[in-house]
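Numbering (the working numbering), first residue to last: 11 to 197.
Quick reminder that beta carbons are idealized off the backbone N, C-alpha and C, glycines included.
Model, not experiment: these values are computed from the prediction.
Below is one structure, written out as structure tokens; comments come after it.
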């Protein structure tokens with residue numbers, strides 16, 4: 011059996027008349043579009059998604075700011091069901107446009123890649139153990155505003171200081187069709 015599914019979702023904020031805005035508000039009209047596709051055949055399945063956001067990170071703090079900066083996200087994933095459980099792999103790429111304005115020092119654009127490896131194993135008809143590892147190297151291809159950010163607690167706004175990794179392990183136990191008891195640990 012092969013299953014193929016796709017979806018499209020779009021959202022656009024109603025247009026605002028700038029003459030009716032309260033003091034300190036922005037006349038941007040944010041919009042979002044999301045597209046996805048899934049496939050399943052035998053023990054394998056795959057999915058992909060793409061999202062576009064415009065105008066969601068705007069503030070009034072910067073003169074000449076691009077209130078409609080474009081941010082995008084791409085996710086790809088796959089899973090193999092080996093009978094007693096599943097093994098999965100996922101990838102995500104986020105790309106944030108420059109909403110900081112036309113001055114080079116205010117450029118706050120960056121890209122971030124991340125991946126995750128997951129596995130689970132059915133230990134009984136009602137029990138399942140789970141493990142995952144996720145990692146991102148942090149913000150890359152950063153605009154000047156993020157390259158110059160530095161604090162004692164956070165470090166730089168770009169590069170390895172913004173990276174992260176996470177391990178997680180867990181156990182699920184089905185009590186009924188609608189109720190599952192679970193315990194997870196993540197670090």
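- Annotation for residue 153: 108, 117, 118 and 119 place their beta carbon closer than 6 Å to its own, counting only its chain and skipping 5 residues before and after.
- In this structure, the alpha-carbon of residue 99 lies about 6 Å from that of residue 128.
- Assignment of residue 48 by DSSP, reduced to helix, strand and coil, places it in the strand class.
- Secondary structure note for residue 103: its beta strand (DSSP E) is the uninterrupted segment 95-106.
- Annotation: residue 122 to residue 144 spans about 13 Å, alpha carbon to alpha carbon.
- Residues of the same chain with a CB within less than 7 Å of the CB of residue 146, apart from the 5 flanking positions on each side, are 122, 123, 124, 173 and 174 in chain order.
- Contact annotation, residue 43 with residue 49: C-beta distance approximately 21 Å; criterion of less than 8 Å not satisfied.
- In the three-state reduction of the DSSP assignment, residue 116 falls in the helix class, which pools H, G and I.
- Sequence-distant partners of residue 140 (beyond 5 residues in either direction) whose C-beta falls short of 6 Å from its own C-beta, in its chain, are 130 and 180.
- In the three-state reduction of the DSSP assignment, residue 39 falls in the coil class, being assigned neither a helical nor a strand state.
- Only exposed fits residue 170, as fewer than 16 other CB atoms lie within 10 angstroms of its CB.
- Close CB contacts of residue 104 within its chain, under the 6 Å cut and outside five residues either way in sequence, are with 83 and 122 (chain order).
- For residue 80, the enclosing beta strand (DSSP E) has its first and last residue at 80-91.
- For a cut-off of 8 Å, the C-beta gap from residue 132 to residue 94 is around 5 Å, short enough to register as a contact.
- Nearest C-alpha to residue 78 among 197, 192, 186 and 106: 106.
- Under the three-state reduction of DSSP output, residue 180 falls in the strand class.
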